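In order, the protein sequences belong to chains U and X.
Position 13 (the first sequence) corresponds to 13 in the UniProt record's numbering; numbering is contiguous.
Position 166 (the second sequence) corresponds to 166 in the UniProt record's numbering; numbering is contiguous.
Every residue, glycine too, gets a C-beta built ideally from N, C-alpha and C.
The structure displayed is predicted, hence computed values, not measured ones.
Following: one structure in structure tokens, then a few remarks.
Number of protein chains: 2
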Amino acid sequence: MDNDERVIGIKDVAKAANVALATVDRVIHNRAGVSLKTKEKVLKVIKQMGYKPNIMASNLSKSKKIVIGVLLPNISEGSGYWEFPMQGILKAKKELAQYNIKIKTYTFKQDNSKEIRKKILELINSDIQGLVLTSKFADEIEILLDDCKQKNRPYVFIDSNVRKIDSLCSIHQPLFESGELAAQLFNYCFDRGEILILHLKKTMDTEGIIGLKEKGMNAYLNEKNNAITTKSLVLTDFNEDAISDILFKTLEDNPLIKGVFIPNSKVAYIAKYFEKRAGDKIYLIGYDFFREDVEYMEKEIIDFLICQRPEEQGYQAVFKLFEHLVLKKEVEKEIIMPLDIITKKNYKYY
Amino acid sequence: MDNDERVIGIKDVAKAANVALATVDRVIHNRAGVSLKTKEKVLKVIKQMGYKPNIMASNLSKSKKIVIGVLLPNISEGSGYWEFPMQGILKAKKELAQYNIKIKTYTFKQDNSKEIRKKILELINSDIQGLVLTSKFADEIEILLDDCKQKNRPYVFIDSNVRKIDSLCSIHQPLFESGELAAQLFNYCFDRGEILILHLKKTMDTEGIIGLKEKGMNAYLNEKNNAITTKSLVLTDFNEDAISDILFKTLEDNPLIKGVFIPNSKVAYIAKYFEKRAGDKIYLIGYDFFREDVEYMEKEIIDFLICQRPEEQGYQAVFKLFEHLVLKKEVEKEIIMPLDIITKKNYKYY
DNA sequence: TCAATTTACGGTAACGTACCTCAAAAATAT
DNA sequence: ATATTTTTGAGGTACGTTACCGTAAATTGA
Numbered sequence: 001m002d003n004d005e006r007v008i009g010i011k012d013v014a015k016a017a018n019v020a021l022a023t024v025d026r027v028i029h030n031r032a033g034v035s036l037k038t039k040e041k042v043l044k045v046i047k048q049m050g051y052k053p054n055i056m057a058s059n060l061s062k063s064k065k066i067v068i069g070v071l072l073p074n075i076s077e078g079s080g081y082w083e084f085p086m087q088g089i090l091k092a093k094k095e096l097a098q099y100n101i102k103i104k105t106y107t108f109k110q111d112n113s114k115e116i117r118k119k120i121l122e123l124i125n126s127d128i129q130g131l132v133l134t135s136k137f138a139d140e141i142e143i144l145l146d147d148c149k150q151k152n153r154p155y156v157f158i159d160s161n162v163r164k165i166d167s168l169c170s171i172h173q174p175l176f177e178s179g180e181l182a183a184q185l186f187n188y189c190f191d192r193g194e195i196l197i198l199h200l201k202k203t204m205d206t207e208g209i210i211g212l213k214e215k216g217m218n219a220y221l222n223e224k225n226n227a228i229t230t231k232s233l234v235l236t237d238f239n240e241d242a243i244s245d246i247l248f249k250t251l252e253d254n255p256l257i258k259g260v261f262i263p264n265s266k267v268a269y270i271a272k273y274f275e276k277r278a279g280d281k282i283y284l285i286g287y288d289f290f291r292e293d294v295e296y297m298e299k300e301i302i303d304f305l306i307c308q309r310p311e312e313q314g315y316q317a318v319f320k321l322f323e324h325l326v327l328k329k330e331v332e333k334e335i336i337m338p339l340d341i342i343t344k345k346n347y348k349y350y
Numbered sequence: 001m002d003n004d005e006r007v008i009g010i011k012d013v014a015k016a017a018n019v020a021l022a023t024v025d026r027v028i029h030n031r032a033g034v035s036l037k038t039k040e041k042v043l044k045v046i047k048q049m050g051y052k053p054n055i056m057a058s059n060l061s062k063s064k065k066i067v068i069g070v071l072l073p074n075i076s077e078g079s080g081y082w083e084f085p086m087q088g089i090l091k092a093k094k095e096l097a098q099y100n101i102k103i104k105t106y107t108f109k110q111d112n113s114k115e116i117r118k119k120i121l122e123l124i125n126s127d128i129q130g131l132v133l134t135s136k137f138a139d140e141i142e143i144l145l146d147d148c149k150q151k152n153r154p155y156v157f158i159d160s161n162v163r164k165i166d167s168l169c170s171i172h173q174p175l176f177e178s179g180e181l182a183a184q185l186f187n188y189c190f191d192r193g194e195i196l197i198l199h200l201k202k203t204m205d206t207e208g209i210i211g212l213k214e215k216g217m218n219a220y221l222n223e224k225n226n227a228i229t230t231k232s233l234v235l236t237d238f239n240e241d242a243i244s245d246i247l248f249k250t251l252e253d254n255p256l257i258k259g260v261f262i263p264n265s266k267v268a269y270i271a272k273y274f275e276k277r278a279g280d281k282i283y284l285i286g287y288d289f290f291r292e293d294v295e296y297m298e299k300e301i302i303d304f305l306i307c308q309r310p311e312e313q314g315y316q317a318v319f320k321l322f323e324h325l326v327l328k329k330e331v332e333k334e335i336i337m338p339l340d341i342i343t344k345k346n347y348k349y350y
């Protein structure tokens with residue numbers, strides 16, 4: 001069954017093509033010092049024999065280390081979301097240390113564009129061979145991308161919503177569809193009523209993202225169930241009392257509200273208000289799974305969380321660069337992350 | 001930040017311990033011909049220096065190939081479930097080919113114990129260094145496991161429900177909890193009524209599995225909502241008309257039934273009966289995600305599928321053996337797979 | 001035409017480990 | 001004391017690839 005293919009090495013190729021070992025090396029690595037004629041001949045033999053370079057040996061003899069740069073927001077910053085991709089990146093780092101791969105991380109405060117520019121400059125002048133970044137800060141980042149293109153440095157987008165044509169790979173979240181999914185889940189909980197979509201205006205960069213989720217939600221409802229409507233509420237004042245006031249007033253004024261959709265990772269922050277609240281059950285759906293959410297999931301205040309494997313996004317981003325830079329593999333241009341549904345009864349195994 | 005650790009090799013250890021290179025080699029590989037005293041000395045130095053063998057080099061110079069055996073039911077057999085773990089195993093096979101690792105698969109018909117015994121014998125007499133298997137066929141398999149223990153061959157259980165103490169690693173599905181989850185999902189769809197639990201008696205080995213799921217479901221309902229009850233129906237006759245008759249009769253006789261729980265991968269098989277049926281919506285929850293399910297998910301006949309990443313189970317099983325045999329890494333004894341929830345709106349990205 | 005430069009090609013030492021042989025030295029048994 | 005066993009040292013080859021260093025041939029320029 002398993003054809004016991006003896007390992008075909010560079011030597012075999014050299015022998016078969018009747019050229020020196022070094023010549024094969026030159027062909028394989030596009031080094032200078034080989035005539036077009038011999039190059040063609042060797043390539044033909046390589047193909048015929050089905051030669052694949054041995055990565056173990058290659059890496060062993062290779063002198064230069066590969067450095068991958070990572071440009072992401074601070075962990076401590078804002079939502080804390082970036083902790084997860086970072087974990088995935090660290091996992092990849094550990095795993096790839098064997099391959100002589102270094103990861104250099106450059107983090108910045110989301111609202112500090114001076115710092116962002118500084119990090120970008122550092123990256124441009126660094127010796128990285130590849131880059132992982134997120135597409136949320138489009139303006140500042142164009143210079144960096146141009147530099148990468150010019151230097152032929154591949155880059156991978158993580159947690160990105162826009163498909164960037166020139167990237168090695170772009171890791172997507174289906175935002176619109178996640179809105180649809182949330183709508184579907186609400187619809188399983190009730191057939192008629194109103195869904196309150198809560199916008200928390202803290203980070204400026206998330207407008208597009210939240211917009212898409214909202215559109216997805218409305219699309220599903222329009223298509224499927226027109227006895228459920230949505231209503232948006234924008235919170236700008238984060239004073240605890242202010243939130244409490246406006247929230248409870250909205251719910252009182254709109255008794256039809258049976259679900260609240262929080263299209264970012266701040267569900268736990270809102271859930272605490274619902275804990276104190278008496279009255280009919282209101283279903284809560286949010287995004288991303290944090291330790292803070294557990295308490296409210298157990299109490300069934302938060303009903304569903306939609307989660308998109310943020311650690312895996314980080315891991316994959318680095319791994320795809322590794323596959324490209326070291327293994328010389330073809331890398332898919334686009335990875336779409338699954339939409340995981342988290343509830344009280346399955347979060348433990350997530 | 002990143003301390004630029006120069007690679008510490010076997011030579012450095014020899015120099016530091018003031019012994020011959022061969023001696024270090026003897027210690028590292030537990031070869032005979034080294035006194036306890038020097039062994040301790042060398043080990044101490046190894047630890048002090050933080051020496052880690054270079055796997056690339058190690059693998060390159062290693063002469064023997066590693067062969068991993070896989071003993072699983074036929075793909076074409078029964079539910080077709082095993083196609084997924086097999087895919088994961090194939091993915092691992094491709095990825096690990098670089099490391100001189102071969103995968104030998106031994107498949108059998110689930111109901112053919114003669115064939116199982118034959119494959120077990122083949123495995124015992126094979127040259128495998130590790131084994132992936134499923135724990136569902138406990139009786140026949142004990143001999144194989146004893147043989148493995150004796151020969152010091154590590155084995156990994158896949159898709160297993162019983163925790164096997166002697167295995168290198170056991171990949172679990174939280175069955176009970178999946179039943180709870182299904183109950184929770186039903187409970188989101190309706191507050192009162194009856195859930196029909198459909199047993200399809202085709203493969204004998206699944207009784208324990210289904211039993212656990214059922215118990216989980218009842219546990220959730222008892223604890224949370226006692227306006228929902230369950231009712232079991234066992235199908236033994238697989239004649240289409242017979243199924244149709246008994247199913248529709250049960251539904252007519254029990255108008256309170258608002259949900260049907262199919263605790264195996266045969267949902268699509270049942271969904272087709274509900275397609276023809278008029279009357280109130282009945283919610284369907286099943287297991288595992290097959291192509292056949294898509295049609296019924298789109299039509300919202302099947303509402304939820306609980307899925308446990310079967311390909312990843314296959315992949316992980318092989319990968320854990322690889323980590324143990326090649327990378328000499330510590331491997332966790334137990335991996336619990338997440339409970340994924342699949343609906344019409346997220347199956348595309350699964 | 002002759003030197004200067006570029007290009008072609010062969011040889012070979014690494015990379016770090018595994019595995020082997022042979023002989024010398026040390027420890028143990030007789 | 002000698003004989004025997006165990007321990008240690010020294011050294012080499014191989015794994016498949018990379019990278020550098022010569023030299024020889026081809027090409028260029030004046």
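Run down chain U in chain order and give the residues with a C-beta less than 7 Å from the C-beta of residue i.
| i | result |
| --- | --- |
| residue 340 of chain X | 340 |
| residue 344 of chain X | 184 |
| residue 350 of chain X | 338 |
Please tell me whether residue i has its Cβ less than 8 Å away from any Cβ of chain X.
| i | result |
| --- | --- |
| residue 298 of chain U | no |
| residue 337 of chain U | yes |
| residue 320 of chain U | no |
Spell out the partners DSSP gives residue i in its beta bridges.
| i | result |
| --- | --- |
| residue 230 of chain U | U:195 |
| residue 155 of chain X | X:131 |
| residue 257 of chain X | X:194 |
| residue 286 of chain X | X:305 |
| residue 160 of chain X | X:172 |
| residue 200 of chain X | X:235 |
| residue 263 of chain U | Paired residue(s): none; residue 263 of chain U is not in a bridge. |
Could you tell me the boundaries of the alpha helix (DSSP H) in which residue i lies?
| i | result |
| --- | --- |
| residue 240 of chain U | 240–253 |
| residue 65 of chain X | Looking at the DSSP string, residue 65 of chain X is not in any alpha helix (DSSP H), and its letter there is neither H nor E. |
| residue 24 of chain U | 21–28 |
| residue 325 of chain X | 310–325 |
| residue 15 of chain U | 10–17 |
| residue 61 of chain X | 55–61 |
| residue 87 of chain U | 83–96 |
| residue 117 of chain X | 113–124 |
Chain U partners of residue i, CB-CB under 9 Å?
| i | result |
| --- | --- |
| residue 307 of chain X | Within 9 Å Cβ-Cβ: nothing; residue 307 of chain X doesn't reach chain U, min ~10 Å. |
Could you give the residue range of the beta strand (DSSP E) that holds residue i?
| i | result |
| --- | --- |
| residue 334 of chain U | 334–336 |
| residue 340 of chain U | 340–342 |
| residue 102 of chain X | 101–108 |
Where the UniProt domain "HTH lacI-type" (8–62) of chain U meets chain X: residues whose CB sits under 7 Å from a CB there:
Listed by position along the chain: 55, 56, 57, 59, 60.
task = Give the residues from the segment 150–181 of chain X that approach chain U closer than 7 Å (Cβ to any Cβ), ordered along the chain.
result = Residues passing the 7 Å Cβ filter: 174, 177, 180, 181.
Chain U contacts made by the segment 189–218 of chain X, where a contact means CB separation under 8 Å: Answer set for the segment 189–218 of chain X: 189.
| message | By the 7 Å beta-carbon criterion, what residues does the segment 84–100 of chain U contribute toward chain X? | response | Identification of residues in the segment 84–100 of chain U having a C-beta nearer than 7 Å to some C-beta of chain X yields 98, given in sequence order.
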